[in-house]
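Number 191 in full-length UniProt numbering belongs to position 191 of the sequence shown; there are no gaps in the numbering.
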Amino acid sequence: MSDWRSVHLGEIARIEIGGTPARDQPRFWAHSQEGHAWASIADLTRKWISTTSETITDAGVRHSNTKPIPPGTLMMSFKLTIGRCAIAARLLYSNEAIASFFLDRASADTHWLYYALPPIASRAVIDVAIKGGTLNMSSLRRLRVALPPLAEQNLIAQILDTIDSAVSRSEQIVAKLKLVKQGLVHDLLTRGIDDNGELRDPDRHPEQFQDSPLGRIPKTWVATQLGGVVPRATYGGSEALTAGPGIPVLRMNNIRDGEAHLEDLKYSDHPCYRGLLLRDGDVLFNRTNSIEHVGRTGIWRGQIATASFASYLVKLDPDPARLRCEFLNRLLNWDIIQLQIRRYATPGVHQVNINPTNLRRTLVALPTSLEEQDRITQLLAAEDGRIRAEVTVLEKLRLLKQALMDDLLTGRVRVTPLLEGNA
């Protein structure tokens, strides 16, 4: 690394900071995208930024400290959320939490600095905080940058751009699969599937449907209060928990995405938890949480031999002759049912609560045939499998990207052999 230089950021870039027009002056703020794009931290979500959630007028530009940011300029947040970067794809402006970097093109490559600057800024935040300060224009200029030769910067940026594009493509695939699943859930839980494995069609075969308090449902389905098919709900234990040893105890943080997870378990040897041991297929409902998370439901799949559950969770026991546990779990995690459930939430000091009595008043529609319930849950499980497979690909790509950044941006691994090979 003898050809790398240690420089201050201010040696290779002129730094400008944006500003915010007065909020109480409507003439400074444009409607929709009519005015000038004006970036805040929330807009720095991708490498390139071309649109912003807010726009400002010519008067807003004149009567504030905001400054023009030409296309191709690197921007970085340095307040609140530190180190979030983007490159301007068009002329725009920004607020005072964003710095813009006008580089010496003979020394530094914008695309390389896009990757190099966030970890530098993150380390600086820790150092500055220890000394009791915050990042500002002066401290930004003093940031130390390990600067490779320009040709090496260009190649590093190309390599990281390639893996970044792969990450973005995988993210898009995951998002698309989740959207497909959302539509599939709605279709399956309102139309069901017939004996041939086909979705029922209310337009082509209206005779196969009936009116219900929940709208049109298949004639072979029934609309009922949840209590009609879930006769028993059992509260979790309320005795104190420890870091171990003892019986593993699930809490509300262990329920998400329709599953029970094992992270951050607590333990207890109290007899109450021994009387609440979970069995494979048990459905757990989160009765107390924030309004965003209350009502989460997950299914226990016997991941470990012995486990119990704590008081903010309720175990729901469906009538095995009428309702499968897997179908119950899918129903309660459906956004339509979640909205209905949250109407029963009663506020506490910092959280809300849904008691099992109110939960069992929830209206649901379900197939009377357990075989149809099974077919529906099997289709959704297959869709979950496709999503998990792509999420695994995405996670591997993100790890590869991080490893490449650690190696290439520190000089631990050099790209000079590639440069020499292209010479």
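We treat Cβ as the ideally placed atom computed from N, Cα and C, and that holds for glycine.
In this text, all values refer to a predicted model and were calculated from it rather than measured experimentally.
- Spatial neighbours of Gly72 in its own chain (CB-CB distance under 7 Å, excluding positions within 5 residues in sequence) are listed in chain order as Ile87, Ala88, Thr110.
- Beta-bridge annotation (DSSP): Gln225 is paired with Leu363.
- Thr297: not part of any alpha helix (DSSP H); member of the beta strand (DSSP E) spanning 297–299, first to last residue.
- Setting aside the 5 residues that flank it on each side, Asn254 is surrounded in the same chain by Ala260, His261, Leu262, Glu263, Asp264, Leu265, Gly298, each with a C-beta closer than 8 Å to its C-beta; the list follows chain order.
- Judged by their CB atoms, Lys178 and Thr234 are not nearer to each other than the 8 Å cut-off.
- In the structure shown, Ala345 falls within a coil segment according to DSSP collapsed to helix, strand and coil.
- As a beta-bridge residue in DSSP terms, Ile87 pairs with Trp48, Leu74.
- Here Glu239 carries a coil assignment [DSSP, helix/strand/coil].
- Secondary structure at Val415: coil, using DSSP grouped into helix, strand and coil.
- Taking all protein chains shown into account, Asn329 has 16 or more neighbouring C-beta atoms within 10 Å of its C-beta and is therefore buried.
- For a cut-off of 8 Å, the C-beta gap from Val167 to Leu394 is around 7 Å, short enough to register as a contact.
- Taking C-beta atoms as the reference points, Asp317 and Val230 count as a pair closer than 8 Å.
- In this model, Trp48 and Thr306 are separated by some 50 Å (Cα to Cα).
- As the crow flies, the alpha-carbon of Leu92 is around 13 Å from that of Asn65.
- Beyond the five residues adjoining it in sequence on each side, Ser6 comes within less than 8 Å, by CB distance, of Arg144, Val145, Ala146, Leu147 in the same chain, given in chain order.
- C-alpha of Thr20 to C-alpha of Arg296: approximately 40 Å in a straight line.
- In this chain, the beta strand (DSSP E) harbouring Pro248 covers 247–250.
- Going by DSSP, Phe327 is part of the alpha helix (DSSP H) stretching over 325–333.
- A check of alpha carbon separations from Val349 across Ser290, Gly192, Trp4, Leu226 identifies Ser290 as the nearest.
- Within the same chain, Ile376 come within 6 Å of Leu188 by CB-CB distance, once the 5 residues on both sides are set aside.
- Taking the C-beta atoms as reference points, Ile15 is found nearer than 8 Å to Phe101.
- Judged by DSSP in its simplified three-state form, Pro213 adopts coil rather than helix or strand.
- At the C-beta level, Arg324 and Leu370 come within 8 Å of one another.
- Contact between the segment 342–361 and the segment 196–209 is absent, with fewer than three C-beta pairs closer than 8 Å.
- Leu331 is the residue among Lys219, Leu331, Ala382, Tyr115 whose C-alpha sits nearest the C-alpha of Val364.
- According to DSSP, Leu284 shares a beta bridge with Gly298, Lys315.
- A straight-line Cα-Cα distance of about 12 Å links Ser308 and Val283.
- At a Cβ-Cβ threshold of 8 Å, Ile247 and Arg274 count as neighbours.
- Residue environment: Gln373 is assigned as buried (16 or more neighbouring CB atoms within 10 Å of its CB, all protein chains considered).
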